[in-house]
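Colleague:
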Amino acid sequence: MRYLPHTKEDIESMLKVTGHTSLDELFNCIPDDLKTKEGIDIPESLSEWELNSHMEALASLNIACKDYKCFIGAGSYDHYIPAIIPYLISRSEFMTAYTPYQPEISQGTLQGIYEFQTMVTQLLGMDIATASHYDCGTALAEAALIALRKNRKANKIAVSSLTHPSHRQIIQTYIRPAGYEMVEVPYTKDGLTDLKAFEAMDDIAGIAVQSPNFFGNIEDLKAFKTIADSKKILFITSFTEALAYGLLKNPGYFGADIVAGEGQSLGIAKSFGGPGLGLLAGTKKQMRNLPGRLIGKTTDANGDEGFVLTLATREQHIRREKASSNICSNNGLNAMTAAMYLATIGKIGIREISQQNHDKAAYLKNCLEKAGFKPGFNTPFFNEFVMKVPKGFAKKRAALIHKSCIFAGMSLESFYPELKTHYLFCATETISKDDIDQLVKEVQ
Amino acid sequence: MKEIDDLNLPDNVKYSKDHEWAKQEGAIVSIGINDYAQDQLGEIVFVELPEVGDTFEEGDEFGSVESVKAVSEIYLPIGGEIVEINDALEDAPELVNDSCYDKGWLVKVKPEDDSQIGDLMNKAAYLAMLKG
Amino acid sequence: MSQQPGTSGLIFNEPQLWDKSRKGRCAMSLPKLDVERVELDKTLTGDPPDLPQLFELDVVRHYTRLSQWNFGVDSGMYPLGSCTMKYNPKTNEVQAARQGFASAHPLSGDEFSQGALELMFNLEQYLAQITGFDAVTLQPAAGAHGELAGMLMIHAYHAKNGKQRSKILIPDTAHGTNPASATLCGYESINIKSGPDGILEPGTIAAVMDEDTAGIMVTNPNTVGFFESNIKKIAEIVHSKGGLVYGDGANMNAIMGIVKPGEIGIDVLHLNLHKTFSTPHGGGGPGSGPVAVVKALEPFLPIPRIKKELDTYKFITDCQDTIGRIHTYYGHFGIMVRAYSYILSMGAKGLEDASKLAVLNANYVKESLKGTLNLPYDKPCMHECVFNDKFQNKYHITTMDMAKRLLDYGFHPPTVYFPLVVDGAFMVEPTETESKEYIDQFIHAVKAIAKEAKTNPEKLKKAPHLTKVTRLDEVSAARKPCLCG
Chain A
576 MRYLPHTKED IESMLKVTGH TSLDELFNCI PDDLKTKEGI DIPESLSEWE LNSHMEALAS
636 LNIACKDYKC FIGAGSYDHY IPAIIPYLIS RSEFMTAYTP YQPEISQGTL QGIYEFQTMV
696 TQLLGMDIAT ASHYDCGTAL AEAALIALRK NRKANKIAVS SLTHPSHRQI IQTYIRPAGY
756 EMVEVPYTKD GLTDLKAFEA MDDIAGIAVQ SPNFFGNIED LKAFKTIADS KKILFITSFT
816 EALAYGLLKN PGYFGADIVA GEGQSLGIAK SFGGPGLGLL AGTKKQMRNL PGRLIGKTTD
876 ANGDEGFVLT LATREQHIRR EKASSNICSN NGLNAMTAAM YLATIGKIGI REISQQNHDK
936 AAYLKNCLEK AGFKPGFNTP FFNEFVMKVP KGFAKKRAAL IHKSCIFAGM SLESFYPELK
996 THYLFCATET ISKDDIDQLV KEVQ
Chain B
17 MKEIDDLNLP DNVKYSKDHE WAKQEGAIVS IGINDYAQDQ LGEIVFVELP EVGDTFEEGD
77 EFGSVESVKA VSEIYLPIGG EIVEINDALE DAPELVNDSC YDKGWLVKVK PEDDSQIGDL
137 MNKAAYLAML KG
Chain C
908 MSQQPGTSGL IFNEPQLWDK SRKGRCAMSL PKLDVERVEL DKTLTGDPPD LPQLFELDVV
968 RHYTRLSQWN FGVDSGMYPL GSCTMKYNPK TNEVQAARQG FASAHPLSGD EFSQGALELM
1028 FNLEQYLAQI TGFDAVTLQP AAGAHGELAG MLMIHAYHAK NGKQRSKILI PDTAHGTNPA
1088 SATLCGYESI NIKSGPDGIL EPGTIAAVMD EDTAGIMVTN PNTVGFFESN IKKIAEIVHS
1148 KGGLVYGDGA NMNAIMGIVK PGEIGIDVLH LNLHKTFSTP HGGGGPGSGP VAVVKALEPF
1208 LPIPRIKKEL DTYKFITDCQ DTIGRIHTYY GHFGIMVRAY SYILSMGAKG LEDASKLAVL
1268 NANYVKESLK GTLNLPYDKP CMHECVFNDK FQNKYHITTM DMAKRLLDYG FHPPTVYFPL
1328 VVDGAFMVEP TETESKEYID QFIHAVKAIA KEAKTNPEKL KKAPHLTKVT RLDEVSAARK
1388 PCLCG
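So this is what it looks like as structure tokens:
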């Protein structure tokens, strides 16, 4: 095995030092009745050639092996990844390092993540951003727990029903054992979270609103902030499409206390849903409540600038059972990827790419309308929107996948049973006018 | 770390077994951590304090003191209502190291029972406890 | 290989991104717009974020220079105890980057994702085989996330049985994540002292285990590097009171093919694909923390689960007793591909050999360095061994000083000051992928440093000397946090 370096002679001479006569003897400290009698029943080892064939055979069973056109977003978006991103992130000094516990030889990771934290605060208009979480759903669940723990009176958190359905499920999983409850705020006929319903809710510790919401629509965050303030509760916003904030007013502008988001759009492959990038940011006031690692700037013994992990007393390895979260490993390499992406795209690029996402989606929506589809809602959206589809659409959609590898949107039925004939469509900068015209021609 | 005989333990305050000090000033009692505690903790980077108006029983945890790699809970040596907290510590937690009996005080308490402070140790008793 | 690897070389300075920014630059190739521009209402749009404005070589040079300030497994030996910093095979990266995997949308439907589903199904089966359990979920995104999933299942199991419990037993050698995970489930952690020889004693458990205790969290092999040989007896005690045994499988690298945790009384176990199964740590993640369970806990696994029907695979969500969902999609699929690639490359024999050689390497280090460093528990170890700085304290040299000096010699230091049960711990896990030559270099470096501790302690106290920066002021960093530029 090419990963195992020991020659027969090595083993013999090392065993002599340890005072054993065989490798098996090293395990004498384990009682015999605890040792397994059966081996591991898995396939025999493959050579690299065999592995390549096997893996390509598996990969080719996924439609993604072809150049498919995916008009589906719903939390995972197809954006162009510049060639320098995979090239740079493959540098093994980034990839094969551990958490930067020894700052003197981890300044690359540390400065890189510090710059990531900075660019996330710029993107979201917040004071502080953590060094990453697993994904938006888990970051949002952490945010909900912050609100619930800080509020001594209420044990419920209000969450918009237009928050990604998986995120709502994750919140439930995280808060239930501690005896907390989630209440959903219904949505209106405009495809927006119902402000009046939220206003009428009592005994809640916080409100979480996703914008753009699961339908792609842009929420009136200002109105939520006003009500949250009048209730003296924590205002949490979330998002699944980070590039929306290249164009839209950011959550900080509207006074969010905590923002949880998905950063997959920032140069990270879809990779069947993971690993993505959980973003968690807050106001200065939330600094010690936010779980997850933080990198800070400081100086070394010679007075030179350097970076360290800081405020570690919030974390599990110091606070143990009193820690607010158990997070340890995060999605650091993807945070570094996102930093590289944001540095590449820059201030000019992010505005243009974000704007093009909206342009393409607007063009798609327009064309579908002309082809007889009805808008689900007449509300401003970013790069996703809902359409009520004509009869027979499902069949045409299936045929189109088989024939041309085009995914014409995603049915909302399993997430919102009342929207049986409604589909969620997405178009990003990777979709061309021709792609859209072809889709529309085939489904009308 | 300091030897026990090198500790600065003034005579005009009372000591608790958890290494806090208390000092009667009229109707109000000032509370802090003593020289032994600040020395053990090392360089203090953050002090978490309760809010004015909170009430605690004797021995309740009322906050925590953090160094870079440790968190220590702090316990109120006498019960009562918090009437003032040391806001200066938010920007300058090092005051607890530099001046633990003066500028590094933590909270001021209005005692619920004036006799509790009398139950605390004087310098001699506290030193005897430390020396075990 | 008689020379030590550490030396000095040309290190570049590199400012922060925004110091390089010049108005008007952009390193991205922007697509031509082929549809009409559609402006959103001005009340909705804001100024673009003030990101740095760079050109392509700026970005390339920035991250190349930053990377040169880092140390990875590919740079040198990384004997970080408890973290299993083994070699990360490059073929795994090639497999994960295949378009069919990397470009797969998570919601494109089972029919069009059969390759991904089959891979996940197979990986679940292989991990079940390796650990001796009945069912596996791949959904947790990291070890701590797996722990949380496991504890949530224990919580759900007791709830289903009609009486929730309030406490959980956690040994003093546990990872910090253990008590934090237990707290998230509302359990009070009861600290259990390990015995004089570094392992748990059944009597200690029997004395505290009762019907209000949900179970015990055991790391086996434990964090001092010993196999918990009383585990079966301990499991019997816990089970007899209706409790469950949680296994922290972070140290599975020591026992593949030798012990199957599912056969020795453990009910639920998490694995770290980024430790035992060779996926890279990435400077802190992403990892993956699959959880394996016995039959009785299978109904509580997170959803969705994968099922094979005839020759097709599908996700199922109608599981009544499930703890629910813990990741937006199915977990860190890209990491699963790498681990799957590793397991297939190794085969059963390769995995067993890996464990044997990991244990050989650790014992070799232990025997070679005892006498140089104090060994608090002098007995055969598993995949890691724990020393401390007792011999060096008389020169006022600490574990931290020796760790920092190791950097100059070209090695990543071991884990320091953990586990907490050993004062000044210096915890070495060489892993199986280090050769005798590399390990001998490391041993030589530690011996040289121990000598310096006597002859030139100042050199150690001021170490490291060859790195980009020297010891950093962590106190100021925490007192006046500066978390963004």
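Residue numbers (the working numbering), protein chains in the order written: chain A, 576 to 1019; chain B, 17 to 148; chain C, 908 to 1392. Quick reminder that beta carbons are idealized off the backbone N, C-alpha and C, glycines included. Fair warning: this is a prediction, and the values are worked out from it, not measured in the lab.
(1) Got a sec? Which residues, its chain only, sit under 8 Å from A:Lys764 by beta carbon, not counting five neighbours each side?
(2) Return the bridge partner residues of C:Tyr1220 from the DSSP annotation.
(3) Here's a check: name, in chain order, each residue in its chain whose Cβ is nearer than 7 Å to the Cβ of B:Val61, leaving out the five neighbours to either side.
(4) Would the segment 1243-1250 of chain C and the segment 1308-1316 of chain C be scored as touching if the rule is three or more Cβ pairs under 8 Å?
(5) State the DSSP-derived secondary structure class of A:Ser635, mapped to helix, strand or coil.
(6) Answer with buried or exposed for A:Gly827, where buried requires no fewer than 16 other C-beta atoms within 10 angstroms of its C-beta.
(7) Would you give the residue range spanned by the beta strand (DSSP E) that B:Glu41 belongs to?
(8) Apart from the five residues on each side of it in sequence, which residues of its chain come closer than 8 Å, Cβ to Cβ, to A:Ala772?
(9) Using the Cα positions of A:Gly907 and C:Ala1114, report the straight-line distance between them to the nearest angstrom.
(10) Is the separation between the beta-carbon of A:Ile808 and that of A:Gly781 shorter than 9 Å?
(11) Return the chain-ordered list of same chain residues with a C-beta closer than 6 Å to the C-beta of B:Met137, the five sequence neighbours on each side being excluded.
(12) Taking 8 Å as the cut-off, is the C-beta of C:His1290 nearer than that to any heavy atom in the ligand HEM?
(13) Just reading off the alpha helix (DSSP H) that C:Gly1110 is part of, what are its end residues?
(14) For A:Glu837 and A:Phe814, which I take to be in contact (beta-carbon distance under 8 Å), what is that distance rounded to the nearest angstrom?
(15) Look up A:Gly849 in the DSSP assignment and give the residues it is bridged to.
(16) With a threshold of 9 Å between beta-carbons, can B:Val112 be considered close to chain A, or not?
(17) Tell me which residue opens and which closes the alpha helix (DSSP H) that A:Asn792 is part of.
(18) Under a Cβ-count criterion, where at least 16 other Cβ atoms within 10 Å of its own Cβ denotes burial, should A:Pro618 be classed as buried or exposed?
(19) By DSSP's criteria, A:Phe882 is part of a beta bridge. Which residues make up the other side?
(20) Under 9 Å, Cβ to Cβ, is there at least one residue of chain B near C:Glu1095?
(21) Give the residues from the segment 1208-1234 of chain C that approach chain A closer than 7 Å (Cβ to any Cβ), ordered along the chain.
(22) When the Cα atoms are used, what is the spatial distance from A:Cys645 to C:Pro1013?
(23) Taking buried to mean at least 16 other C-beta atoms within 10 Å of its own C-beta, is C:Trp976 buried or exposed?
(24) Go ahead and label C:Met1116 buried or exposed: buried means 16 or more other beta carbons lie within 10 angstroms of its beta carbon, across all protein chains shown.
(25) Roughly how many whole angstroms lie between the Cα atoms of A:Arg577 and A:Leu621?
(26) Under 8 Å, CB to CB, which of the residues in the segment 694-719 of chain A have a partner in chain B?
(27) For a contact defined as C-beta to C-beta under 7 Å, what are the partners of A:Ile920 on chain B?
(28) Is the CB of C:Ala1385 under 9 Å away from at least one CB in chain A?
(29) Nearest-angstrom Cα distance between C:Asp872 and C:Gln1036?
(30) Counting only C-beta atoms, is B:Phe62 closer than 9 Å to chain E at any point?
(31) I'd like to know if A:Ala876 contacts chain B, where contact means its C-beta is closer than 9 Å to some C-beta of that chain.
(32) How long is the line joining the alpha carbons of C:Gly1050 and A:Ser741, rounded to whole angstroms?
(33) Name the chain A residues that come within less than 7 Å of C:Tyr1033, Cβ to Cβ?
(34) Assign C:Phe1349 to one of three DSSP states: helix, strand, or coil.
(35) Anything in chain C within Cβ reach of A:Glu679, meaning under 8 Å, just list it in chain order.
(36) Could you tell me the distance, in whole angstroms, from the CA atom of C:Ala1003 to the CA atom of C:Ala1009?
Modeller: In this structure, then:
(1) A distance below 8 Å between beta-carbons, with the five flanking residues on each side excluded, links A:Lys764 to the following residues of its chain, in chain order: Phe952.
(2) C:Tyr1220 is bridged to C:Lys1215.
(3) Glu82, Ser83, Val84, Pro109
(4) no
(5) coil
(6) A residue is called buried once 16 or more other Cβ atoms fall within 10 Å of its Cβ, and A:Gly827 is buried on that count.
(7) Segment 36-41, the beta strand (DSSP E) holding B:Glu41.
(8) Val760, Pro761
(9) Going by the C-alpha atoms only, they are around 43 Å apart.
(10) Going by beta carbons, A:Ile808 and A:Gly781 fall inside the 9 Å limit.
(11) Tyr31
(12) Although the ligand HEM was asked about, the structure shown includes no ligands whatsoever.
(13) 1109-1115
(14) About 7 Å; that satisfies the 8 Å criterion.
(15) For A:Gly849, which the question treats as bridged, DSSP gives no partner whatsoever.
(16) no
(17) No alpha helix (DSSP H) contains A:Asn792, which DSSP labels as neither H nor E.
(18) exposed
(19) A:Lys872
(20) no
(21) Against chain A - using a Cβ distance shorter than 7 Å - the residues of the segment 1208-1234 of chain C are Ile1230, Gly1231, Arg1232, Ile1233, His1234.
(22) 11 Å
(23) Its Cβ being crowded by 16 or more others within 10 Å, C:Trp976 is buried.
(24) So C:Met1116 counts as buried.
(25) Annotation: A:Arg577 to A:Leu621 spans about 12 Å, alpha carbon to alpha carbon.
(26) none
(27) Simply none; closest approach about 36 Å.
(28) yes
(29) Given that chain C is displayed from residue 908 to residue 1392, the structure contains no residue 872 of chain C and the question cannot be resolved.
(30) Given the protein chain composition of this structure (A, B and C), no chain E is represented.
(31) no
(32) 21 Å
(33) Ile617
(34) Of the three classes helix, strand and coil, the one that applies to C:Phe1349 here is helix, per DSSP.
(35) Lys1311, Leu1314, Pro1371, Thr1374, Lys1375, Val1376, Thr1377, Arg1378, Leu1379
(36) 6 Å
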